[in-house]
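Contents: one structure, followed by commentary.
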Amino acid sequence: MEIKYYLCRRNRFYNLELSEMLSKNRIKWLRGLQLKKNRTAEGVFVAEGPKLVGELLAAGFECVYLAATEVQDSWRIETEIVTEDELRRVSSVETPQGVLAVLRQPHYDVKLSEVASQRLCLLLDGVQNPGNLGTIVRLADWFGIGDVFCIGGCADLYNPKTVQATMGALAHVRVHYNIGVEDLEGGDFPVYGTFLDGENLYGKRLENRGVIVMGNEGRGISPEVERRVTDRLWIPSYSDCHVESLNVAIATAVVCAEFRRRSLPSLT
11 MEIKYYLCRR NRFYNLELSE MLSKNRIKWL RGLQLKKNRT AEGVFVAEGP
61 KLVGELLAAG FECVYLAATE VQDSWRIETE IVTEDELRRV SSVETPQGVL
111 AVLRQPHYDV KLSEVASQRL CLLLDGVQNP GNLGTIVRLA DWFGIGDVFC
161 IGGCADLYNP KTVQATMGAL AHVRVHYNIG VEDLEGGDFP VYGTFLDGEN
211 LYGKRLENRG VIVMGNEGRG ISPEVERRVT DRLWIPSYSD CHVESLNVAI
261 ATAVVCAEFR RRSLPSLT
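Residues in the sequence shown are numbered consecutively from 11, following this note's numbering.
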């Protein structure tokens, strides 16, 4: 089967026609990147779909490899043209969307204390579900929270399920893993956490800076982090329901929405 490589050199395209299919080594490499150890070793991750890939490229993510069922003229990036069947063989999603990119993992030199003393940030304590992590990154983008810190064995940001769940928010939110519990100590900023014995979220004084801690799906906030929490919050229930707690992503949305509601000009 014939495939085409579109190469960009000095803003001009050259069409080279080769008589071979997606190579076995390429397939093996792309499939291997579904494993964390391989992504970590190479410092890359996989994103799929024109919207997601387009947003990441626009945000400056370095592209290592790009495959598509048709050339993406506006991206001006070397592209390997593949068939839908070939893309399906290396895709991690049920319905491939015509584009797959291998991108370089970004690295940020950011200190939690510097961020939290000036603006709101999120700290995820052991959030292990890839879908929850991706959704929370998307929520952070929605509510204008630019930094998410992860400790306690959080899910891998670059798990394909997490990347897809961010819906492109990964291009606008910085996610950090290189911190410890001790980074919550000694700073001039509040540390908020949700607990069943906390103060009512809607009556509590909230600052427009500090750390919002969200805990593990089953265990909640760990004892090590709980000891560093300065403000305990409670999300009240308005019915006689028998649900013990909210999904961590939903709870994050409720808490972030209230913080941002307080910052509206009409309410200050």
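We put the CB at the ideal spot given by N, CA and C, even for glycine.
Given the structure is predicted, the values throughout are model-derived calculations rather than measurements.
Residue i, buried or exposed, once every other Cβ within 10 Å from all chains shown has been counted against 16
{"i": "proline 246", "result": "exposed"}
{"i": "glutamate 195", "result": "exposed"}
{"i": "proline 275", "result": "exposed"}
{"i": "tyrosine 118", "result": "exposed"}
{"i": "tyrosine 16", "result": "Only weak support exists for where tyrosine 16 lies, its pLDDT of 45 falling under 50; the coordinates are left without a value."}
{"i": "serine 33", "result": "exposed"}
{"i": "leucine 216", "result": "buried"}
{"i": "glycine 220", "result": "buried"}
{"i": "proline 140", "result": "buried"}
{"i": "glutamate 96", "result": "buried"}
{"i": "tyrosine 202", "result": "buried"}
{"i": "alanine 69", "result": "exposed"}
{"i": "aspartate 83", "result": "exposed"}
Residue i - DSSP class collapsed to helix/strand/coil
{"i": "leucine 134", "result": "strand"}
{"i": "phenylalanine 71", "result": "coil"}
{"i": "valine 81", "result": "coil"}
{"i": "arginine 19", "result": "A caution first: arginine 19 carries a pLDDT of 37, below 50, which makes its placement in the model unreliable, though a value can still be read off. Arginine 19 falls in the strand class under three-state DSSP."}
{"i": "glutamate 124", "result": "helix"}
{"i": "phenylalanine 269", "result": "helix"}
{"i": "isoleucine 161", "result": "strand"}
{"i": "threonine 105", "result": "coil"}
{"i": "lysine 14", "result": "For lysine 14, the pLDDT reaches just 45, beneath the cut-off of 50, and the residue's location in the model is therefore unreliable, although a value from the coordinates is still provided. Reduced to three states, the DSSP call for lysine 14 is strand."}
Beta-carbon gap between residue i and residue j smaller than 8 Å
{"i": "valine 5", "j": "valine 239", "result": "Here the chain covers residues 11 to 278 and nothing more, so residue 5 does not appear."}
{"i": "glutamate 268", "j": "tryptophan 244", "result": "no"}
{"i": "serine 100", "j": "leucine 40", "result": "This sequence places valine at residue 100; serine is not what is there. Result yes, Cβ atoms of valine 100 and leucine 40 sit closer than 8 Å."}
{"i": "serine 255", "j": "glycine 162", "result": "no"}
May I ask you to verify whether the stretch 111-129 touches the stretch 139-147, counting CB pairs closer than 8 Å and requiring at least 3?
-> no
Touch check for the stretch 79-91 and the stretch 130-142: three-plus C-beta pairs under 8 Å?
-> no
Inter-stretch contact at 8 Å, needing at least 3 Cβ pairs: the stretch 102-110 / the stretch 53-68 | yes
Three-pair Cβ contact test at 8 Å for the stretch 156-176 versus the stretch 32-51 | yes
Taking only runs of the alpha helix (DSSP H) that begin and end inside the stretch 175-244, which ones reach a length of at least 4 residues, in chain order?
-> 233-236
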